[in-house]
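Data first, discussion second: the structure below is written as structure tokens.
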Amino acid sequence: MCGIIGIIGKDSVSERILEGLKRLEYRGYDSAGIATLVNGKIDRRRAEGKLVNLAERLKDSPLAGDVGIGHTRWATHGVPTENNAHPHTDGKVAVVHNGIIENFRSLKKELTARGRVFASDTDTEVVVHLVSDFLDQGKTPREAVQETLHRIEGAFSLVIMIAGQHDVIFGARRGTPLAVGLGEGEMYLGSDALALSHLTNRLIYLEEGDWVELRCDGLQVRDEHDNDVIRETKMSAVSGAMTGKGNYNHFMQKEIFEQPAVIGDTLHSFINPATRSIKLPEMPFNIGDASRLTIVACGTSFYAGLVAKHWIERYAGLGVDVDVASEFRYRCPPMPKGGIALFISQSGETADTLAALRYAKSQGQKILSLVNVAESTIARESDVVLQTYAGPEIGVASTKAFTTQLTVLACLAVTIGRENGTLSANDEAGIVGALTVLPKQVAEILHHDEEIRKLAVNIADARDVLYIGRGLGYPIALEGALKLKEISYIHAEGYAAGEMKHGPIALIDPLVPIIVIAPSDDLFEKTVSNMQEAAARGGRVIFLSDAKGLETIGDMASATVEIPAVADFAAPILYTIPVQMLAYHVAVHKGTDVDQPRNLAKSVTVE
Ligand code: F6R
């Protein structure tokens with residue numbers, strides 16, 4: 001949430017900051033701004049709405065300057081107007097900020113009482129006035145920043161630029177990510193590797209509590225106790241080329257179509273096709289000895305956790321609790337001795353998931369994480385990191401990250417089963433066989449694009465849509481409903497098919513489409529009964545099943561999509577693809593902003 005960038009450069013920076021903001025726009029897109037230093041003075045352009053508005057403004061009124069900071073916003077405090085857009089400045093200090101300053105009210109009161117005049121409704125502006133106030137008291141820029149960091153509470157990353165100071169900018173990281181980029185005679189700060197991928201691939205990831213003084217030719221990192229520290233330089237694998245849309249109309253479409261490749265890449269990392277066995281990274285504990293597994297995540301990643309629960313309980317015989325991070329972290333649940341906790345997060349930065357991880361650690365759990373961003377905070381705070389090889393996911397609605405999460409979780413379930421003696425080598429080989437054909441089967445479903453687009457046109461006028469499934473189909477029903485609501489703004493709910501009679505069936509009428517996830521597995525007949533109950537009440541059923549399943553139901557459904565026959569174990573990965581495609585085409589038909597749906601942002605670094 002919110003993307004920030006700073007450059008202390010050799011030549012003009014505003015175009016390069018704008019380019020970085022384009023790569024960060026997935027983190028927030030309700031307003032944006034850039035400030036630079038021109039002959040010692042802070043100059044600034046800001047615009048409400050998408051980044052294109054800022055780009056237009058810069059065309060009309062370019063910004064000079066070889067030092068600058070930029071921001072793309074997802075509003076927390078203060079409505080998304082130009083006035084509340086970052087950078088904030090009082091003319092002496094300019095600040096961009098990601099996160100929340102929790103004690104801003106008391107600080108604002110104190111600073112106002114001292115005659116400081118606030119121009120916005122944001123929490124961020126207290127940082128501007130604090131630094132400025134310390135400078136007025138005669139502190140050096142470094143001391144002013146240091147004192148300010150001692151006064152503010154919350155979770156934040158900041159970039160601070162000071163009028164008259166062409167040779168230094170400051171960055172700070174507490175709770176939300178910030179990386180330093182090392183250039184040739186210039187330096188950068190950015191929320192992630194993507195933001196800086198057009199500038200450098202040499203990065204230093206600041207650690208929790210770190211702050212940095214950055215000059216063109218060097219830097220000094222200090223930790224939370226203000227001790228000088230040296231942090232390792234890493235080479236980022238993220239390239240600028242990975243962030244383009246190619247020939248696709250939207251990032252989401254591109255990411256849906258990348259799934260055969262990225263599922264394949266993820267499988268290749270964990271599967272040995274010759275021995276038909278799975279090899280996860282070495283773990284400093286025996287996962288087969290776990291007394292219980294706790295999985296915590298948010299949103300789509302939480303639904304991946306629900307699929308994993310089913311797999312691990314059913315195929316590996318290990319009890320699993322799954323929870324959404326925002327609930328888990330404040331419930332402070334007792335955690336089992338000898339337990340392992342798994343945190344699933346595409347970004348690896350989700351604030352609630354990170355807080356849940358820290359709680360589990362304090363309870364003596366071994367910490368496993370499943371992330372798409374290897375250098376993320378969640379990864380760095382885990383005992384063992386499992387990685388999805390989805391590549392950067394730019395569309396706000398998660399697609400390829402989810403199916404690659406499922407791919408790794410399938411491998412984890414098998415590993416646990418093998419290690420605790422529940423699954424034989426033969427069982428493992430069978431599951432590996434089912435997983436390795438997945439890329440080909442996913443590609444087959446992608447060929448149904450036009451057919452699914454036509455179905456989408458028929459449901460685009462619906463006010464409500466229900467998704468139902470049983471067993472492994474239930475989390476996919478939840479995921480399908482989430483995809484539809486977040487990008488098409490149609491109200492959609494996912495239900496366990498067996499729950500329909502306990503309430504939701506009252507919603508059914510001829511205007512409510514019902515998407516049924518029904519692979520021919522051992523629960524198929526029961527799902528069909530639930531589908532018939534819905535059809536008997538006038539529901540418009542869209543039935544997703546394999547050839548055998550479709551033959552069984554004959555013409556009972558209003559519409560069908562044929563999914564390749566798949567082993568029960570692998571079905572949730574395959575059945576995710578049509579629900580993603582359906583949501584995508586509904587959104588395109590309705591003309592919504594597919595990649596940047598309203599009110600949302602990727603990488604939720606505030607709670
Ligand atoms: C939905 C979606 C979100 C994320 C959630 C967690 O399409 O993308 O629900 O899954 O915000 O994000 P991560 O996985 O980055 O922790």
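In UniProt numbering, the protein residues as written are 1 to 607. All C-beta atoms, glycine included, are put in the ideal place defined by N, C-alpha and C.
Member of the options whose CA lies at the smallest distance from the CA of residue i
i: residue 391; options: 261, 331, 323 and 560; result: 261
i: residue 498; options: 492, 31 and 517; result: 517
i: residue 325; options: 177, 448, 349 and 23; result: 349
i: residue 222; options: 216, 215, 232 and 211; result: 211
i: residue 302; options: 134, 232 and 328; result: 328
i: residue 442; options: 431, 258 and 248; result: 258
i: residue 604; options: 313, 300 and 416; result: 300
i: residue 185; options: 493, 8 and 1; result: 8
i: residue 339; options: 364, 169 and 330; result: 364
i: residue 504; options: 468, 278 and 73; result: 468
i: residue 202; options: 179, 234, 538 and 578; result: 234
i: residue 479; options: 530, 508, 576 and 384; result: 576
i: residue 579; options: 512, 547, 520 and 455; result: 455
i: residue 309; options: 344, 276, 506 and 286; result: 344
i: residue 254; options: 195, 129, 393 and 360; result: 393
i: residue 174; options: 91, 359, 187 and 151; result: 151
i: residue 153; options: 160, 352, 124 and 162; result: 124
i: residue 120; options: 215, 477, 79 and 43; result: 79
Whole-Å CB distance - residue i paired with residue j, under 8 Å assumed
i: residue 6; j: residue 85; result: With a Cβ gap of about 16 Å, residue 6 and residue 85 do not count as contacting.
i: residue 388; j: residue 404; result: 4 Å
i: residue 87; j: residue 77; result: Rounded, the Cβ-Cβ distance is 15 Å, inconsistent with contact.
i: residue 112; j: residue 118; result: 7 Å
i: residue 600; j: residue 465; result: Between residue 465 and residue 600 the Cβ distance is about 19 Å, and since that is not below 8 Å, they are no contact.
i: residue 236; j: residue 4; result: That belief does not hold up - the Cβ atoms of residue 236 and residue 4 are roughly 17 Å apart, past 8 Å.
i: residue 370; j: residue 386; result: 5 Å
i: residue 373; j: residue 347; result: 6 Å
i: residue 594; j: residue 252; result: 5 Å
i: residue 238; j: residue 206; result: Incorrect: roughly 17 Å between the Cβ atoms, too far for contact.
i: residue 108; j: residue 126; result: 5 Å
i: residue 61; j: residue 45; result: 6 Å
i: residue 590; j: residue 460; result: 5 Å
i: residue 508; j: residue 538; result: 7 Å
Between the CA atoms of residue j and residue i - distance to the nearest angstrom
i: residue 332; j: residue 341; result: 14 Å
i: residue 524; j: residue 500; result: 16 Å
i: residue 307; j: residue 474; result: 8 Å
i: residue 401; j: residue 18; result: 27 Å
i: residue 141; j: residue 116; result: 19 Å
i: residue 106; j: residue 164; result: 29 Å
i: residue 562; j: residue 534; result: 20 Å
i: residue 315; j: residue 495; result: 23 Å
i: residue 434; j: residue 566; result: 7 Å
i: residue 439; j: residue 155; result: 40 Å
i: residue 198; j: residue 167; result: 22 Å
i: residue 230; j: residue 409; result: 36 Å
i: residue 572; j: residue 304; result: 10 Å
i: residue 330; j: residue 272; result: 41 Å
i: residue 640; j: residue 247; result: Past the edges of the chain, shown from 1 to 607, lies residue 640, and the structure says nothing about it.
i: residue 178; j: residue 568; result: 42 Å
i: residue 368; j: residue 458; result: 43 Å
i: residue 182; j: residue 20; result: 15 Å
i: residue 431; j: residue 281; result: 19 Å
i: residue 615; j: residue 380; result: A question about residue 615 goes unanswered here, because the residues of the chain that appear run from 1 up to 607.
i: residue 418; j: residue 288; result: 8 Å
i: residue 54; j: residue 47; result: 5 Å
i: residue 25; j: residue 514; result: 34 Å
i: residue 136; j: residue 270; result: 58 Å
i: residue 265; j: residue 420; result: 27 Å
i: residue 98; j: residue 193; result: 16 Å
i: residue 355; j: residue 598; result: 26 Å
i: residue 311; j: residue 413; result: 6 Å
i: residue 16; j: residue 195; result: 10 Å
Stretch-stretch touch, CB-based, cutoff 8 Å, three pairs: the segment 311 to 328 with the segment 284 to 303: yes
What residue ranges within the segment 197 to 264 form continuous beta strand (DSSP E) runs of no fewer than 3 residues, ordered along the chain? 202 to 205, 211 to 215 and 218 to 222
So does the segment 35 to 48 actually touch the segment 65 to 75, counting three or more Cβ pairs closer than 8 Å? yes
Any contact between the segment 574 to 588 and the segment 485 to 492? By contact I mean 3 or more CB pairs, one from each, below 8 Å. The segment 574 to 588 is in contact with the segment 485 to 492.
Can you give, in chain order, each stretch of the alpha helix (DSSP H) that sits fully within the UniProt domain "SIS" (283 to 422) and has at least 4 residues? As far as the UniProt domain "SIS" (283 to 422) is concerned, its whole alpha helix (DSSP H) runs of at least 4 residues are 299 to 316, 325 to 331, 351 to 362, 377 to 380 and 400 to 419.
Can you give, in chain order, each stretch of the alpha helix (DSSP H) that sits fully within the segment 88 to 135 and has at least 4 residues? 104 to 113
Flag this pair as touching only if the segment 543 to 561 and the segment 418 to 438 have three or more C-beta atom pairs under 8 Å; answer yes or no. no
Alpha helix (DSSP H) runs contained entirely in the segment 130 to 192, provided each spans 4 or more residues: 141 to 151
Please give the ranges of any beta strand (DSSP E) in the segment 21 to 50, keeping only runs that are unbroken, at least 3 residues long and fully inside the region. 31 to 38 and 41 to 48
Ignoring anything shorter than 3 residues or poking outside the UniProt domain "SIS" (455 to 597), list the beta strand (DSSP E) runs there in chain order. 464 to 469, 491 to 496, 513 to 517, 540 to 545 and 559 to 562
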